[in-house]
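Protein chains in written order, with the working numbering: chain A, 5 to 350; chain B, 7 to 549.
Data first, discussion second: the structure below is written as structure tokens.
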């Protein structure tokens with residue numbers, strides 16, 4: 005989904021450039037529609053593939069945009085050159101016609117893509133900059149899963165303030181990463197050492213971290229001042245698709261009148277309106293729910309392990325993106341700022 | 007840490023009756039149990055009598071007469087030697103702590119006296135060594151564990167989650183060592199079973215407790231000079247104290263014990279002992295039958311009527327009464343699907359899933375993270391109870407509240423009826439506004455232990471045995487855990503959580519579901535709204 009968002013933004017970027025160059029040209033829509041059928045193939049495959057590992061989706065998404073954007077770029081000059089009118093009518097803006105102009109577009113698009121990549125790199129820090137506005141001393145914060153965005157957000161606040169974090173472990177899909185985050189031991193994967201793994205964990209800043217099983221959320225909610233959630237993606241209606249278990253937590257927060265804050269980069273904002281929630285939910289490996297030692301059970305019963313939850317907008321009180329805080333009802337505006345409506349459906 | 011002087015003074019105050027000191031001088035007796043078990047050289051018979059012997063003769067324990075010396079000479083000497091050797095070894099290890107620790111300990115004044123006096127004086131060293139035996143042998147049996155155990159304790163205090171400070175009682179008992187000698191073996195075994203969740207679930211614990219008490223009563227003989235009604239109650243209270251150190255008593259256990267005590271106290275002192283005992287055993291039997299066995303059948307029968315063809319029944323964890331209900335409904339030929347929600351760390355739902363699947367029901371199983379999906383197509387929610395509080399709250403396994411809440415707050419859907427199956431013996435007059443007021447905190451290490459990769463090997467013992475190792479290793483050198491935890495990588499992040507500053511693990515056992523989430527409580531007295539709990543409770547206790 006995030007990959008799809010980035011693809012959309014790149015597409016929008018290309019369109020912007022193309023529009024600038026040939027403002028009001030009738031062939032624009034041709035060029036756009038010509039490149040469109042090709043991008044979905046590039047865009048959908050990685051999103052399906054990478055959507056399953058949510059933690060890695062961010063860096064991968066920025067990588068994945070490369071082939072996609074290159075693809076569309078390569079196709080772009082072709083379509084333009086194939087269109088007879090383009091070189092001739094592209095000149096009214098006063099720029100150089102023909103190939104030089106195409107190269108110009110390509111360079112600008114690449115710049116734009118680089119900007120997006122930069123943005124992706126800075127998103128967490130930008131979001132974290134709002135942390136001090138939202139976390140105050142001696143608060144009890146409840147969070148869920150091992151979202152780096154949330155961790156950075158909390159870390160930023162931890163520099164200045166003392167508070168308590170209650171961390172639900174999100175068993176069975178993300179509990180190991182959560183345990184690692186909580187205890188500050190870097191996950192012993194052979195992955196490239198990211199900057200996050202060098203960061204001090206919250207506990208090193210003197211923040212008390214309480215790890216609880218997911219089931220204890222309701223019991224503790226009456227003492228929690230604020231719920232801060234990470235997300236997988238945010239939908240245009242203000243709802244979000246997040247790790248399984250988030251919906252119950254958000255619901256419990258609502259019941260206890262505890263504010264529920266979702267931190268998310270703008271890149272997770274998706275222009276999709278969820279009419280069919282089930283299609284947004286992926287199901288994971290059921291062996292995580294029932295281990296191999298209970299293999300006899302698997303034959304007899306239907307084991308389910310959903311990876312994501314759809315959380316309706318009314319359960320969320322505030323979104324914090326790298327652009328600031330927003331009400332869920334305002335998200336559609338940000339969506340329309342970032343995506344062009346031609347790209348909403350691939 | 008009761009000094010030997012204290013109980014001896016106690017016994018002086020009540021010198022004559024030989025058996026009566028037993029309850030009075032309980033701490034030394036309790037501590038003697040391990041010393042007898044571990045050091046068989048120590049003569050068993052004289053020891054309990056010792057305080058009594060000493061008491062009249064020498065109040066200042068140091069002035070030791072030389073009677074009863076011959077038979078006890080060997081054991082004190084040996085004990086002392088052993089103690090000295092160990093002391094020397096310990097001294098070598100950590101001088102400073104030893105120097106502070108020994109005088110601080112209660113036997114401090116006694117030990118030097120015993121040493122100076124040599125093996126000549128019997129009374130004081132006997133008492134002293136007995137104290138040593140009590141105090142030190144159990145600890146030294148575990149060798150270097152002494153400083154570490156202390157460290158763990160210190161750490162542990164920090165590890166208590168502040169909000170739940172009132173819920174951290176004493177640490178749960180790990181062995182039968184140190185249990186009072188009055189505690190019946192059946193109760194001893196039951197205590198450990200409850201601690202390890204072998205006997206788990208409110209009704210099961212209640213029944214097991216009552217059966218164990220029945221055996222206690224069968225084995226009981228009234229000592230001379232007291233009446234059964236008066237002494238049996240105190241005798242039982244020892245058992246109860248022991249059980250509650252293994253695991254805090256459940257509401258149903260408390261109710262059952264209260265009823266039993268009432269029955270004991272209402273026995274006429276003139277009734278012969280044998281007859282009184284049979285009366286009590288019959289009372290226990292009928293209590294189990296009426297309040298639990300038959301009640302369960304009645305509840306299962308009436309709750310099963312609520313299940314219709316085509317229903318999707320959601321349940322949480324593994325309640326025995328819900329299981330019975332579902333099986334009853336299935337036997338009645340109803341066609342329905344069961345969706346079981348489970349959670350860490352106990353995974354009680356697994357057993358339920360297995361039983362139901364073996365019986366032929368259609369079962370869907372997911373963890374609490376998949377709750378919102380399971381509830382989506384549900385038509386009814388059946389929940390078991392640990393207790394029902396007087397303000398109508400359902401007090402049950404942690405996570406129940408989430409299930410009930412999801413059923414009630416389903417987005418855009420119709421509310422799903424939430425039905426609680428609960429015997430009236432589980433009703434209590436306690437009130438709870440949230441899950442923090444009344445709760446039980448289980449060992450947080452359970453959160454670390456139960457990781458699927460352990461169970462992959464299907465060898466729980468090595469896993470359990472390996473568990474303390476990272477702890478100790480972590481204490482000596484923080485870099486240690488990495489090689490140890492390398493084979494079981496999933497364990498690594500939390501294995502040494504006790505040593506990680508500011509990190510706390512919280513393992514709650516119960517939560518309180520608000521009354522508005524419960525539509526109906528099915529009891530053996532009928533189906534009630536949750537607000538009827540206090541009335542039924544009053545009725546059932548007055549009967």
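By construction, the Cβ of each residue, glycine as well, lies at the ideal position given by its N, Cα and C atoms.
Between residue i and residue j, what straight-line distance do the alpha-carbon atoms span, to the nearest angstrom?
| i | j | result |
| --- | --- | --- |
| residue 141/A | residue 256/A | 23 Å |
| residue 11/A | residue 162/A | 35 Å |
| residue 203/B | residue 214/B | 12 Å |
| residue 276/B | residue 233/B | 9 Å |
| residue 243/B | residue 266/B | 11 Å |
| residue 330/A | residue 322/A | 6 Å |
| residue 333/A | residue 243/A | 9 Å |
| residue 13/A | residue 347/A | 8 Å |
| residue 544/B | residue 312/B | 27 Å |
| residue 19/A | residue 158/A | 38 Å |
| residue 541/B | residue 183/A | 46 Å |
| residue 339/A | residue 278/A | 14 Å |
| residue 222/A | residue 441/B | 8 Å |
| residue 305/B | residue 526/B | 12 Å |
| residue 305/A | residue 336/B | 16 Å |
Taking 8 Å as the cut-off, is the C-beta of residue i nearer than that to any heavy atom in the ligand SAH?
| i | result |
| --- | --- |
| residue 144/A | Absence of the ligand SAH from the depicted structure is noted, as is the absence of any ligand whatsoever, leaving it without description. |
Under a CB-based cut-off of 9 Å, is residue i close to chain C?
| i | result |
| --- | --- |
| residue 394/B | Looking at the structure shown, chain C is missing, and the protein chains on hand are A and B. |
If we count the other Cβ atoms within 10 Å of its Cβ and call it buried at 16 or more, is residue i buried or exposed?
| i | result |
| --- | --- |
| residue 280/A | exposed |
| residue 231/A | buried |
| residue 240/B | exposed |
| residue 345/A | exposed |
| residue 188/B | buried |
| residue 394/B | buried |
| residue 536/B | buried |
| residue 9/A | buried |
| residue 337/A | exposed |
| residue 312/A | buried |
Which whole-angstrom value describes the C-beta separation of residue i and residue j, a residue pair presumed to lie in contact below a C-beta threshold of 8 Å?
| i | j | result |
| --- | --- | --- |
| residue 226/B | residue 238/B | 6 Å |
| residue 410/B | residue 389/B | 7 Å |
| residue 345/B | residue 380/B | 5 Å |
| residue 139/A | residue 228/A | The Cβ separation is near 13 Å, so there is no contact. |
| residue 320/A | residue 254/A | 7 Å |
| residue 128/A | residue 156/A | 5 Å |
| residue 213/A | residue 508/B | 6 Å |
Check each candidate in the options and name the one with the smallest Cα separation from residue i.
| i | options | result |
| --- | --- | --- |
| residue 551/B | 387/B, 193/B, 397/B and 546/B | Shown here, chain B extends from 7 to 549; a query on residue 551/B therefore has no answer. |
| residue 180/A | 150/A, 240/A and 169/A | 150/A |
| residue 358/B | 294/B, 207/B and 445/B | 207/B |
| residue 298/B | 344/B, 334/B, 350/B and 216/B | 216/B |
| residue 294/A | 302/B, 269/B, 254/B and 360/B | 360/B |
| residue 265/A | 238/A, 271/A and 277/A | 238/A |
| residue 173/B | 445/B, 428/B, 375/B and 366/B | 445/B |
| residue 281/B | 258/B, 256/B and 228/B | 228/B |
| residue 351/B | 533/B, 515/B, 546/B and 534/B | 515/B |
| residue 220/B | 200/B, 284/B, 257/B and 513/B | 284/B |
| residue 191/B | 355/B, 224/B, 452/B and 353/B | 224/B |
| residue 261/A | 226/A, 276/A and 118/A | 226/A |
| residue 354/B | 343/B, 328/B and 365/B | 328/B |
| residue 408/B | 336/B, 374/B and 201/B | 374/B |
| residue 249/A | 349/B, 301/B, 211/B and 288/B | 349/B |
| residue 294/B | 262/B, 510/B and 333/B | 262/B |
One question on the structure: do residue i and residue j come within less than 9 Å of each other, judged by their Cβ atoms?
| i | j | result |
| --- | --- | --- |
| residue 392/B | residue 432/B | yes |
| residue 16/A | residue 342/A | yes |
| residue 314/A | residue 284/A | yes |
| residue 177/A | residue 292/A | yes |
| residue 173/A | residue 145/A | no |
| residue 378/B | residue 252/A | yes |
| residue 517/B | residue 220/A | yes |
| residue 323/B | residue 405/B | yes |
| residue 211/A | residue 168/A | yes |
| residue 321/B | residue 400/B | no |
| residue 258/B | residue 325/B | no |
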